[in-house]
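Novice: Residue numbers (my numbering), protein chains in the order written: chain A, 55 to 427; chain B, 55 to 427.
Ideal Cβ placement from N, Cα and C applies to all residues, glycine included.
Only a predicted model underlies this, so the values are computations on that prediction, with no experimental measurement involved.
Given below as structure tokens:
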């Protein structure tokens, strides 16, 4: 059996391990918290820091392959492991491009991949030189995750919120839709695209309400989006799973927002909705099996379960019973003992071929199910 | 989080734990082999014997609930645990009825549940008194599993194969079809039936070829079968998952073959084919959630992967890549390091609404995929 390690032990690792149990593979997880969501679902757990060279190197030495569930890993250690014959998914070279938002933006431009205009800033005071560039999103070059490390700067009054370190200032485009395409790339370069997912936002709060798959977009836009997603992964030159997040602006231009070189929140519905889920697919890639089938079994919507504001402590799931009574929902709770405001605690997938039903039940789940303490 | 233990660490435990990772629950497994399929997917693993009173009692003490993946467990320990407040699924009283095939047969008769005629034997020589009862199946009262403990006695020449201990001699009925119905029973007595599964046998070898769901039976027979399955679980008076295996004879009589008080091989297709799988369903019952939805998402067939004759040693899966190339198959390999002739090593589910396609692909998988060493 192949020995495969995962850097990071959060919910993505947990769902990877659920899928791994369908294949002959010995699994290893490296993570600081030995009670993390993935700690008890792997063959071997190692307590350690995924950003520490020695921890990653010693963890990876002797494994056949290694993958990640978060970008903030020690790339130097992965490079050394790669040079010593450990297969790394995604390649450290691709991770290096994506991990730093400045390098990532440059990569799009160098490869003629459409993306929103941007400037690079190295401290807060520089922002004063770019007032005419606002409104813009200020994004930390490294270390942002799950909404952290991003600030919207509308005008001069917002400059105080800007980052005083290396960052990208991205011009805000007027967005009609936000979509994501999960792409699988095999070791042999073969690829497979999942149908695009549409993000539905609460316009008042600018918060993601739910996701719909497939996205409701014109065929012409789908073709553009797929061509761009393929251009991204081809130029990254790496096997693995990639989530290419795209904006569609009011003129129907398709622009890359950002790319994640790993299984991704926008692919969670594939567990039930697709023949081969994004998690199954990554194992197929790592274990050198043929790529899976990305077609939807049924259309889907997906709601994230986020820790409610003002609650911190042992998690309780309000109205979980009511949600579990709905026939066509699939509940995934990540087993995190403690909830915190904004923490991702689970997700719920809805299957139906009726778009109105997908929307209706997603809204109902969103209203009912609350993570409190 | 509730603490729930599983007695036994085989593939049923493994699939239960895959499903458990969707809910907030702390899982415990008791099993002699600390490298068994379920050993690395639980929060806490305990090495010990599921048939030993002390091992089971000490394992279960302090847990909120306990369930089984095989019948050959120490029932006395489960009774003591139950009396001390641990919830047991199924109830030890139901397990006692089912564990011993003589008691099980008597239970059907006492409750007017149709089953094939039978006699009780306590040693091999008694079989000579029952020659006119042949052909019959001789089944060990206790300890049979996975085809072991059953001998077909056609005539006097076969008597040597009979068991020299407590056993049931079941008259062979002329079977038209063999089906199975999985029934879920909640703590409150509510129940839910899955669509029946049809077993397709190789008539020459009398070996299960594959299973189809739903079974191809007339509505009148479906009603009979469902009524009988419900009568079985109602009289067992226990929450849990039950597989009621039924014969349909040439006169369209429906007879109970036997009942398993746990998740069952004939329910494996529900992982992909049903909204709530049998594994998901058992967690819903144990965690006091509402029962799940038993409707099929799509029709299905299922093929067991059995260790080939003449191979013993580290398992290899011949033609696995070819099978993984088929778009609508789902491969489950149980991660057992060693194959042995007849050992259950995995299963493959096929989804399609075309019955001919289900049969065609099941046969193809059966022919291609071989477990060798």
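Do the stretch 293 to 301 of chain B and the stretch 316 to 332 of chain B touch if we need at least three Cβ pairs shorter than 8 Å?
Specialist: Flag = yes, the stretch 293 to 301 of chain B and the stretch 316 to 332 of chain B touch.
Novice: What are the start and end residues of each continuous beta strand (DSSP E) run of 3 or more residues lying completely inside the stretch 93 to 118 of chain B, in chain order?
Specialist: Segments of the beta strand (DSSP E) lying fully in the stretch 93 to 118 of chain B: 98 to 101.
Novice: Name the chain B residues that come within less than 9 Å of residue 68(A), Cβ to Cβ?
Specialist: The sequence position of residue 68(A) within the first chain is 14, counting from 1. 75, listed in chain order.
Novice: Strictly under 7 Å for the Cβ-Cβ distance: is residue 343(B) near chain A by that measure?
Specialist: Looking up residue 343(B) in the second chain gives position 289. Answer yes: the Cβ-Cβ gap between residue 343(B) and chain A drops below 7 Å somewhere.
Novice: Is the separation between the beta-carbon of residue 344(A) and that of residue 378(B) shorter than 7 Å?
Specialist: If you number the first chain from 1, residue 344(A) lands on position 290. If you number the second chain from 1, residue 378(B) lands on position 324. Contact flag set, yes.
Novice: Give the interface partners of residue 97(A) over in chain B, defined as CB-CB distance under 8 Å, in chain order.
Specialist: In the first chain, counting from the first residue as 1, residue 97(A) sits at position 43. The contacting residues are 94.
Novice: DSSP state of residue 205(A), grouped into three classes?
Specialist: Mapped onto the first chain, residue 205(A) falls at position 151. Strand, per DSSP.
Novice: Does the stretch 394 to 402 of chain B come into contact with the stretch 286 to 294 of chain B, if we say contact requires no fewer than three beta-carbon pairs (one atom in each stretch) closer than 8 Å?
Specialist: Because the criterion of three Cβ pairs below 8 Å is not met, the stretch 394 to 402 of chain B and the stretch 286 to 294 of chain B do not touch.
Novice: State the Cα-Cα distance for the pair residue 337(B) and residue 100(B), rounded to the nearest angstrom.
Specialist: Working through the second chain from its first residue, we reach residue 337(B) at position 283. Working through the second chain from its first residue, we reach residue 100(B) at position 46. Going from the Cα of residue 337(B) to the Cα of residue 100(B) covers about 20 Å.
Novice: In the DSSP assignment, find the beta strand (DSSP E) that holds residue 230(B) and state where it starts and stops.
Specialist: As a position in the second chain, residue 230(B) is number 176, starting the count at 1. Here the beta strand (DSSP E) through residue 230(B) covers 229 to 239.
Novice: For the stretch 349 to 366 of chain A against the stretch 62 to 75 of chain A, do three or more pairs of beta-carbon atoms, one drawn from each stretch, fall closer than 8 Å, so that the two count as touching?
Specialist: No contact exists between the stretch 349 to 366 of chain A and the stretch 62 to 75 of chain A.
Novice: Would you check if the distance between the CB atom of residue 245(A) and the CB atom of residue 196(A) is smaller than 7 Å?
Specialist: Position 191 of the first chain holds residue 245(A). Position 142 of the first chain holds residue 196(A). Contact: no.
Novice: Between which two residues does the beta strand (DSSP E) holding residue 370(A) run?
Specialist: Start at 1 with the first residue of the first chain, and residue 370(A) comes out as number 316. Segment 370 to 372, the beta strand (DSSP E) holding residue 370(A).
Novice: Check residue 75(A) in the structure and name its three-state DSSP category.
Specialist: Within the first chain, numbered from 1, the residue matching residue 75(A) stands at position 21. Correct three-state label for residue 75(A): coil.
Novice: Any beta-carbon of chain B closer than 7 Å to the one on residue 78(A)?
Specialist: For this step, residue 78(A) is matched to residue 24 along the first chain. By this cut-off, residue 78(A) is an interface position.
Novice: To the nearest whole angstrom, what separates the beta carbons of residue 168(A) and residue 310(A), a pair I think is in contact under 8 Å?
Specialist: Here residue 168(A) refers to the residue found at position 114 when the first chain is read from its first residue. Here residue 310(A) refers to the residue found at position 256 when the first chain is read from its first residue. Going by Cβ atoms, the distance from residue 168(A) to residue 310(A) rounds to 7 Å, so yes, they are a contact pair.
Novice: Please name the residues in the stretch 401 to 416 of chain A whose beta-carbon is closer than 8 Å to at least one beta-carbon of chain B, in chain order.
Specialist: Within the stretch 401 to 416 of chain A, the qualifying residues are 405.
Novice: Check the Cβ-Cβ distances between residue 359(A) and every residue of chain B, and say whether any is below 7 Å.
Specialist: Locating residue 359(A) in the first chain gives position 305, counting from the first residue. So, not an interface residue.
Novice: Do the CB positions of residue 422(A) and residue 362(A) come within less than 7 Å of each other?
Specialist: The count along the first chain starts at 1 and reaches residue 422(A) at position 368. The count along the first chain starts at 1 and reaches residue 362(A) at position 308. Not closer than 7 Å, so no.
Novice: Scan the stretch 347 to 378 of chain B for residues whose Cβ lies nearer than 8 Å to a Cβ of chain A and list them as they occur along the chain.
Specialist: Answer set for the stretch 347 to 378 of chain B: 347, 349, 351, 352, 369, 371, 374, 375 and 378.
Novice: Tell me the residue span of the beta strand (DSSP E) that contains residue 401(B).
Specialist: Looking up residue 401(B) in the second chain gives position 347. That run of the beta strand (DSSP E) goes 398 to 405.
Novice: Checking 7 Å against the spacing of the C-beta atoms, do residue 226(B) and residue 190(B) come in under that value?
Specialist: Here residue 226(B) corresponds to residue number 172 of the second chain, with the count starting at 1. Here residue 190(B) corresponds to residue number 136 of the second chain, with the count starting at 1. Going by C-beta atoms, residue 226(B) is nearer than 7 Å to residue 190(B).
Novice: In terms of alpha-carbon separation, which member of 59(B), 275(B), 320(B) and 380(B) lies closest to residue 96(B)?
Specialist: Along the second chain, one-based indexing puts residue 96(B) at 42. Out of 59(B), 275(B), 320(B) and 380(B), 59(B) has the C-alpha closest to the C-alpha of residue 96(B).
Novice: Measuring straight from C-alpha to C-alpha, what distance separates residue 275(B) and residue 332(A)?
Specialist: The residue you call residue 275(B) lines up with position 221 of the second chain. The residue you call residue 332(A) lines up with position 278 of the first chain. Between residue 275(B) and residue 332(A), the C-alpha separation is close to 41 Å.
Novice: Just list the beta strand (DSSP E) runs in the stretch 153 to 194 of chain B, keeping only unbroken ones of 3 residues or longer that don't cross its boundaries, in chain order.
Specialist: You should have 172 to 175 and 190 to 194.
Novice: Which runs of the alpha helix (DSSP H), 4 residues or longer, sit entirely within the stretch 300 to 370 of chain A?
Specialist: Complete alpha helix (DSSP H) runs here, min 4: 324 to 327 and 332 to 340.
Novice: Would you identify the three-state DSSP class for residue 245(A), choosing helix, strand or coil?
Specialist: Residue mapping note: residue 245(A) aligns to position 191 of the first chain, counting from 1. Three-state result, residue 245(A): strand.
Novice: If we cut at 7 Å on Cβ distances, does residue 389(B) have a partner in chain A?
Specialist: Here residue 389(B) refers to the residue found at position 335 of the second chain. It does; some Cβ of chain A falls within 7 Å.
Novice: Look at the alpha carbon of residue 12(A) and the alpha carbon of residue 424(A), and state the distance between them as a whole number of angstroms.
Specialist: Only positions 55 to 427 of chain A appear in the structure, and residue 12(A) is not among them; the question remains open.
Novice: Can you tell me whether residue 280(A) is helix, strand or coil according to DSSP?
Specialist: Start at 1 with the first residue of the first chain, and residue 280(A) comes out as number 226. Correct three-state label for residue 280(A): helix.
Novice: Taking the alpha carbon of residue 194(A) as the point to measure from, which residue in 159(A), 187(A), 334(A) and 209(A) has its own alpha carbon closest?
Specialist: As a first step, residue 194(A) must be located in the first chain, where it is residue number 140. Looking at the Cα atoms, 159(A) is the closest of the given residues.
Novice: Interface residues of chain B around residue 382(A) at Cβ under 8 Å?
Specialist: Translated into positions along the first chain, residue 382(A) becomes position 328. Here the neighbours are 329 and 347.
Novice: In whole angstroms, what separates the C-alpha of residue 218(A) from that of residue 73(B)?
Specialist: Position 164 of the first chain, counted from the start, is the residue given in the question as residue 218(A). Position 19 of the second chain, counted from the start, is the residue given in the question as residue 73(B). Cα to Cα, residue 218(A) sits roughly 45 Å from residue 73(B).
Novice: Please work out which residues of its chain come closer than 8 Å, Cβ to Cβ, to residue 163(A), disregarding the five sequence neighbours upstream and downstream, and give them in chain order.
Specialist: The residue you call residue 163(A) lines up with position 109 of the first chain. Cβ within range, chain order: 169.
Novice: Quick one: Cα of residue 282(A) to Cα of residue 232(A), how far?
Specialist: Your numbering for residue 282(A) matches position 228 in the first chain. Your numbering for residue 232(A) matches position 178 in the first chain. Roughly 14 Å between the two C-alpha positions.
Novice: Name the chain B residues whose beta carbon is nearer than 7 Å to that of residue 386(A)?
Specialist: Translated into the one-based positions of the first chain, residue 386(A) becomes position 332. Near residue 386(A) (Cβ distances below 7 Å), the residues of chain B are 76.
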